[in-house]
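Using my numbering, the first residue of the sequence shown is number 1, and each one after it goes up by one. One structure is given here, and the rest of the page talks about it.
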Amino acid sequence: MVTHPRVQRRTAAAVFCALGVALLLPAFGPAPRARAATPTTAWQNGAFSENTAGVVDRSDVILGSPNSQAAQSLPLGNGSLGVAAWAAGGFTAQLNRADTLPGRKSPGQVVIPGLAKLTSAPNFTGRLDLYDGVLTESGGGMTMRAFVAQGSAQSSDELIVDVTGADPSTTQTADVHLWSGRAPSAAASGAIGTLAETWSDVPAPIGTAGTFGSMAAITAGGQDVAASVVSSTDVRVSFTPNADGSFRVIVAAPHWTGGNALTTAQTIFSADSLSTGGAPYSTTTTWWHNFWANAGLLELSSSDGAAQYLENIRTLYLFDNAAEEPTTGQLPGSTSGAASLFNFSADSQPFYPNAYWFWNLRQQVAANLSTGQYALNLPVYNLYLNNLANIQTWTKANMGGLPGICVPETMRFNGNGYQSDTSTTFAVSCQNATATYNGETITSGAEISLWIWQQYLDTGDLDFLKTYYPLISQSAQFLYSYASKGSDGLLHTVSNAHETQWDVTDPTTTLAAMRSLFPAEIQAAALLGTDQTLSAQLSTALTELPDYARTDESTHTQLLTASADASGTDVIGDSYQPTAAFHNSENIGLEPVWPYNVIGDDSGSLTALAQRTYTYRPNVNNPDWTDDAIDAARLDLPAQVQSTLVASVEKYQVFPSGMASWLGSQGSEPFIEEPGVVTTALDEALVTDYDGTLRIAPAWPSGWDASGTVYLRDQTKVDVQVEGGTTVTVGIVTGATHSMTIRNPWPGQLVQAVDGASGAIVLGPTSAGTFTLGATGGHSYLLEPTANPTTALPFAQVTGTPATAAKHLGSQSIGLDAPTAYASLAASFDNVGVTSDTNTNVGNFDGNGASMSSQALATAGAASGGTVTAGGLTFAWPAEGGGQNDNTLAAGQIINLGGSGSTLGFLFAATYGPLSGTGSIIYGDGTVQSFTLSATDWQATPTSGETTAVTEAYQNRAGNTQYNKPSYVLYAGIPLAAGKTVTRVQLPNVGPVPAAKTAELHIFAIAIG
């Protein structure tokens, strides 16, 4: 990969007409790249030419409006410290680590209120700059740059926030706080404040009884910096900016198991410059630039923009995984596919946060291999290697004293399979005494071992293989010992078909694991000169394994044999007990395809069988970790690769960061497993050699163009370009001398291979369907059709321009759109909050079909189309009750509102409150005034600080029914600047769509008086 100078950045700016009205255009995904009449190639002088920064920044996350909700947070991290950053209260950032066990508690949240001037400004813009690893924002004459220190500063694990444009005479503050249920020691001395807490893990047999903890330390660079203890869970630094309006806030959250927090913080901060810029920023950007220079990137394009969007997801996966996964022996960042280091919900964690589900990590491990990020897999491998002795003990105790290791599918960080910190009997993993989701799931060790073997095949690192070989041999030993020979002379098992079927005969997962792991162990042992006896046993065992169970494609209830393949209507079953109960949504019949690699696109009748299994799979696009697209890629099904990837992203990618949710609705934190699936599927569809044969674009959608790099076995990377449905560039760069088996990228055509350096023909011409290239380490090669040689094509570097707006695919988006300007509040109405008692089904005030009653409101003084008086102001109450939109969900909209007076008033209500949000008043002279609207839930009795404008006696529910409980419309009055004329109001950015259990702020009316 050739890295070229960075393209100049462009910053989106608000455009104002002469009347002061914002001209804000809707944001769409990146425009499709115009397809050249003649294909071009980026291969020149034996190398693939790519502007790395240009390609990466195509996927930058753009904030056209402030991300004021926690679920809109954006990720930053260095592999040890992860941060979720959003715009609530000015600037809020939650700190997260993987080693605050057993609950993975957050070290705290940082709040900088003075940045509300920036985030509430009408000209606000933001960018998550992936190439630099920095979040930048601007607005109201201020700028902010936030990043987590990388490189030489990584050991101190710091979030750094640099600000310019602040008022030098205005005191600023920055807090770090915890919450109810936490009991830190709060301290302050000079310019440093700290929160530190330790706790003990539960004792054996469940836990380690070890000491764990969290620490956060805060300081600032500016003038008159002073730290103070605000409360037992809150410390603050107060300061004034430098004379030029700049300041820096630094928050450290290092590994912590106790000690003197203030002394530790002084050591950390003494090494840092407290002025903006300096070493932490330069070392961080340098680290990220080096990361991107060694990552396999793809630039994709399609006429509908879907390919570009998937490219963005893939690039964001690389950024997120590098920010979440340490490259040392520390614990993995993700335990269950959740992006835990980017949690935004205090200490709330899904599932069992101190245990690892490998099924939900497989996607990331695979994606790291195909993108060349081998070091990011080491924490996963080390988790199991470092617990090898504990897993052996667990196996002997729970699996009948068998040798080797049965790795618990849900494995606690200390190597056992308990799934509760309060019970030794609840849902135990890898235990054959209890039928549970993981009670007899015995294949996790095999899968971990096979990924280790694949990484060895990719890197050729014999020392790596030697280090991790015990996992391979011990997993193989266990599977061999677990099986027993039946009267038919074959080896049988009774175990789980992962989590889908429990305690069943010869599940497909176990058969596939043995078919794949036993040959890998035999080869690994031969390379290391060890375990000859075990290898001999495994070699024999491979001849004694039963066929995969077959079942009928229509009902999946019949037990069939391999002879049924001739009918063309059977599929691979989950086990030999097809009618056993199903407990999870998994396509077990496709496990032999991926990840076990024992059925591919040239496996004879098994390929057709697997393709039928895919077509008639029981679970389609469910849930977010679905492997549908990967399986389609392996089985040469390009249309299905396209459709499943698009459908999956449209269903599950609900966070503007590009990450997904488990079931398609926002939860306590984002999930990274679906981006891992997208990355793996795209790479498998474009370039793969899973069985040692190199395939180019075996399942690439015909309407997608692609340019980029995929990493393969034998220290090889392949640079590929597909344009207009035709492969135009196939460049191979080898790190090791080896013989490559290659499927002809241009079937039926004469193909030759030329040396990248000399241009000499080193193979061919040949029209063979498969041929062999003797590759020398350190060389590059170009494959080309002799009739249309790549070297004759015009040269064009792969490049791109930085994103300038949010991207969209269906109802999902990456980033946030710029606010839309409306001529009036009524023009912005987007929700039916009020219904007639005789037509309630049209309402959806709270996302659950509830609504206010038009009749009850009229009785209370708010008649449809009438007026309401509150706070001395007269409001126009909307026409409602007929099913029309009657309120606006506050999401940063700009309302053109001319007038002057002493008060700006609102009639509003909150669903799933309480909540608050900050908006802006824009005056004719260009000045901006911030305001905050706060509300309890519409059904809750207003607090003493709130003013009730209307109280209705009952509410409406679906089916023309009523709920006998009052609800409330609130009034708030905002004092206006004397002598100034209001021209526009920007509503708080609370939430754009009604959804169950999602807090929303509803605006019914605005008035000036």
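Positions of the beta carbon are idealized from the N, C-alpha and C atoms, including for glycine.
Exercise for the section: Quick one: which unbroken alpha helix (DSSP H) runs of 4-plus residues sit fully inside the stretch 372-422? Chain order, please. Expected result: Segments of the alpha helix (DSSP H) lying fully in the stretch 372-422: 378-385, 388-398.
Practice task
Name the residue from P670, W662, A806, L712 whose alpha carbon lies nearest to the alpha carbon of E684.
Solution key: If we check each option's Cα against that of E684, L712 comes out closest.
Problem - P638, DSSP secondary structure in three states - result: Helix at P638.
Practice task
Please say whether P988 and L1001 have beta carbons closer to each other than 8 Å?
Solution key: Against a cut-off of 8 Å, the Cβ pair of P988 and L1001 comes out as a contact.
Exercise for the section: Along the beta strand (DSSP E) that carries H808, what are the first and last residues, could you check? Expected result: Unbroken beta strand (DSSP E) run through H808: 807-809.
Handout entry: Which of helix, strand or coil DSSP assigns to A204
Key = Coil at A204, not helix or strand.
Handout entry: Three-state class that DSSP yields for D691 in the structure shown
Key = For D691, the three-state secondary structure derived from DSSP is coil.
Handout entry: Cβ shell of T194 (< 6 Å), same chain only, five flanking positions each side left out
Key = Short of 6 Å from the beta carbon of T194, and not among the five residues preceding or following it, lie these beta carbons of its own chain, in chain order: A187, A217, A261, L262, A265.
Exercise for the section: Spatial neighbours of T716 within its chain, please: CB distance less than 6 Å, with the 5 preceding and 5 following residues excluded, ordered by chain position. Expected result: Once the five neighbours on either side are set aside, the close Cβ partners of T716 are T734.
Practice task
Return the Cβ separation of L115 and D60 in integer angstroms, given the expectation that the two are a contact with Cβ distance under 8 Å.
Solution key: The Cβ separation is near 20 Å, so there is no contact.
Exercise for the section: Identify which residue in P747, A323, Y468 has its Cα closest to the Cα of Q150. Expected result: Of P747, A323, Y468, the residue nearest in Cα terms is A323.
Exercise for the section: Kindly indicate which residue of D224, A279, E880, S180 has the alpha-carbon position closest to the one of P168. Expected result: Closest option to P168, Cα to Cα, is D224.
Problem - Where L542 falls, given that 16 or more other Cβ within 10 Å makes a residue buried - result: Exposed, because fewer than 16 other Cβ atoms sit within 10 Å of the Cβ of L542.
Handout entry: F16 - DSSP class collapsed to helix/strand/coil
Key = Its pLDDT being 26, under 50, F16 is placed unreliably by the model, and nothing is read from it.
Problem - Exposed unless 16 or more other CB atoms sit within 10 angstroms - verdict on N788 - result: With fewer than 16 other Cβ atoms within 10 Å, it is exposed.
Handout entry: Where V620 falls, given that 16 or more other Cβ within 10 Å makes a residue buried
Key = Answer is exposed; the Cβ neighbour count stays below 16.
Problem - Nearest-angstrom Cα separation, counted from L81 out to F342 - result: Straight across, the Cα-Cα distance linking F342 with L81 is about 9 Å.
Practice task
Reducing DSSP to helix, strand and coil, say where W292 ends up.
Solution key: DSSP places W292 in the helix class (H, G or I) of the three-state scheme.
Exercise for the section: Could you check what DSSP says for P66 in three-state terms: helix, strand or coil? Expected result: The three-state reading of DSSP puts P66 in coil, since its state is none of H, G, I, E or B.
Exercise for the section: Please confirm if the stretch 585-595 is in contact with the stretch 291-302, defined as three or more CB-CB distances below 8 Å between the two stretches. Expected result: When Cβ pairs closer than 8 Å are counted between the two stretches, the stretch 585-595 is seen not to touch the stretch 291-302, the count staying below three.
Practice task
May I ask which residues mark the beginning and end of the beta strand (DSSP E) holding I250?
Solution key: Run containing I250: 247-252, per the beta strand (DSSP E) assignment.
Exercise for the section: Can you tell me the Cβ-Cβ gap for Y971 and L904, rounded? I've got them flagged as a contact below 8 Å. Expected result: 12 Å between Cβ atoms; not a contact.
Practice task
Report yes if the C-beta distance between T173 and T143 is below 8 Å; otherwise report no.
Solution key: No; because the gap between Cβ atoms is not below 8 Å, this pair is not in contact.
Problem - Given 8 Å, three or more beta-carbon pairs between the stretch 916-928 and the stretch 839-858 - result: Using a Cβ-Cβ distance cut-off of 8 Å, the stretch 916-928 and the stretch 839-858 are not in contact, since fewer than three pairs of beta carbons, one from each stretch, lie closer than that value.
Handout entry: Which residues DSSP lists as bridging P802, in chain order
Key = None, per the DSSP bridge assignment.
Handout entry: Own chain partners of P26 with C-beta closer than 8 Å, once the 5 adjacent residues on each side are dropped
Key = Note that P26 has pLDDT 33, beneath the 50 cutoff, so the model's placement of it is unreliable and the number below is only indicative. Sequence-distant Cβ neighbours of P26 in its own chain, meaning closer than 8 Å and more than five residues away, are D817, T820.
Handout entry: Residue of S473, V161, D234 minimising C-alpha distance to Q523
Key = Residue S473 is the option with its Cα nearest to Q523.
Exercise for the section: Note down the Cα distance separating K965 from T998, rounded to an integer number of angstroms. Expected result: Cα to Cα, the separation comes out at about 21 Å.
Problem - Pairwise C-alpha distance: T38 and G731 - result: Cα to Cα, the separation comes out at about 19 Å.
Problem - Nearest-angstrom Cα separation, counted from V148 out to F344 - result: Using only the alpha carbons, I get a separation of about 16 Å.
Practice task
Check each candidate in P701, N584, V985 and name the one with the smallest Cα separation from W625.
Solution key: Here the closest residue by C-alpha is N584.
Exercise for the section: Give a yes or no on whether the minimum CB-CB distance between L462 and chain C is below 8 Å. Expected result: No chain C is present in this structure, which holds just one protein chain.
Practice task
Check the C-beta distance from F291 over to N354 and give it rounded, since I have them as a contact under 8 Å.
Solution key: The C-beta separation of F291 from N354 comes to about 29 Å, leaving the pair out of contact by the 8 Å criterion.
Practice task
Would you kindly report the start and end of the unbroken alpha helix (DSSP H) that includes D463?
Solution key: Where D463 is concerned, the enclosing alpha helix (DSSP H) stretches over 462-482.
Exercise for the section: Quick one: grab the DSSP three-state call for P765. Expected result: Looking at P765 - three-state DSSP - the assignment turns out to be strand.
Problem - Contact between the stretch 569-584 and the stretch 502-515 (3+ Cβ pairs under 8 Å) - result: The count of Cβ pairs closer than 8 Å, one atom from the stretch 569-584 and one from the stretch 502-515, reaches three, so the stretches are in contact.
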